[in-house]
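To start, the structure under review is shown below, and the notes come after it.
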Amino acid sequence: MFLGTSLTIILALVQAVQIPLGALPEDSLRLNAVPFWHFVHVLGGATFGILGPIQFGRVLVHKYGRLHRVLGRVFVAAGVMLSLSSLSLLWHFPNAYSVAVTSGRFLFGVALGLALAIAMHAIRKRDFARHRSWMIRAYAIGMGATAVSLVFFPIYVITGKPPSGLVFDIVFLVSWTACVAFAECLVRRN
């Protein structure tokens with residue numbers, strides 16, 4: 009999963025450079041209509057993706073608690089950016105995908121914001137276990153698109169085109185849900 013996340017983050021950072029240059033690939037040209045929200049989405053997602061694995065390391069928490077708290081605030085800000093930009097992009101492009109995928113994206117965008125809020129509330133109450141559980145859930149929700157791309161990319165390489173129609177809907181929703189379910193298994197195991 010880390011390799012997939014790394015590849016997705018690298019592609020996101022490439023897009024972060026392409027946005028101000030107006031050099032987006034053909035399949036992303038519609039996003040030129042909302043460059044601010046697209047940039048916020050890419051920057052928030054990349055930051056969230058990079059900081060997540062760092063934040064979950066026990067060494068950082070126990071040995072470098074202050075750094076964990078500072079990076080945690082950046083992580084939460086990036087997650088909020090990701091959540092809000094996701095919802096904004098849905099608002100600007102309501103018919104870009106099927107009703108099922110649009111509904112799923114809306115649900116995951118709202119769920120990310122809620123998971124971060126619950127995690128922050130837990131840490132203010134010094135409930136460390138609950139905080140960690142909700143941060144794991146938030147990370148899984150926020151990085152769910154990575155799971156989607158890990159399935160879409162091989163399909164694209166094999167067939168020469170991305171999935172479409174019902175196949176797209178099923179792969180999209182099942183991949184994202186599987187990522188969240190995996191995180192829930194981790195939470196419940198601990």
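Residues in the sequence shown are numbered from 9 upward in steps of one, following the working numbering.
Backbone N, C-alpha and C define an ideal beta-carbon position, used for all residues, glycine too.
Keep in mind that this is a model prediction, so the values were computed, not measured.
Backbone secondary structure at residue i - three-state DSSP
i: Gly168; result: coil
i: Ala260; result: Outside the shown range of the chain, which is 9 to 198, sits residue 260, and nothing can be said about it.
i: Pro102; result: coil
i: Val156; result: helix
i: Tyr72; result: coil
i: Gly30; result: coil
i: Met214; result: Limits of the chain in this structure are 9 at one end and 198 at the other, which puts residue 214 out of reach.
i: Met151; result: coil
i: Gly80; result: helix
i: Gly117; result: helix
i: Gly112; result: helix
i: Gly65; result: coil
First through last residue of the alpha helix (DSSP H) which encompasses residue i
i: Lys133; result: Here Lys133 belongs to no alpha helix (DSSP H), and DSSP marks it neither H nor E.
i: Leu39; result: First-last for Leu39: undefined, no H or E at that position.
i: Gly173; result: Gly173 to Arg197
Cβ separation of residue i and residue j, assumed to be a contact under 8 Å, to the nearest whole Å
i: Ser93; j: Gly52; result: 6 Å
i: Phe180; j: Gly112; result: 7 Å
i: Ser91; j: Gly117; result: 5 Å
i: Ala155; j: Ser183; result: 4 Å
i: Arg138; j: Ala125; result: With a Cβ gap of about 13 Å, Arg138 and Ala125 do not count as contacting.
i: Val195; j: Ile144; result: 5 Å
i: Leu97; j: Val22; result: Between Val22 and Leu97 the Cβ distance is about 18 Å, and since that is not below 8 Å, they are no contact.
is_contact[residue i, chain B] using C-beta, thresh 8 Å
i: Leu29; result: Given the protein chain composition of this structure (a single chain), no chain B is represented.
Specify whether the region 141 to 149 and the region 186 to 195 touch according to this definition: at least 3 beta carbon pairs, one from each stretch, less than 8 Å apart.
A contact between stretches requires three or more CB pairs, one per stretch, nearer than 8 Å, and the region 141 to 149 meets this requirement with the region 186 to 195.
I want to know whether the region 118 to 126 touches the region 72 to 90 - three or more CB-CB distances under 8 Å.
Flag = yes, the region 118 to 126 and the region 72 to 90 touch.
The region 97 to 109 touching the region 161 to 170, judged by at least three CB pairs closer than 8 Å:
Judged by Cβ distances under 8 Å, the region 97 to 109 makes no contact with the region 161 to 170, as fewer than three pairs qualify.
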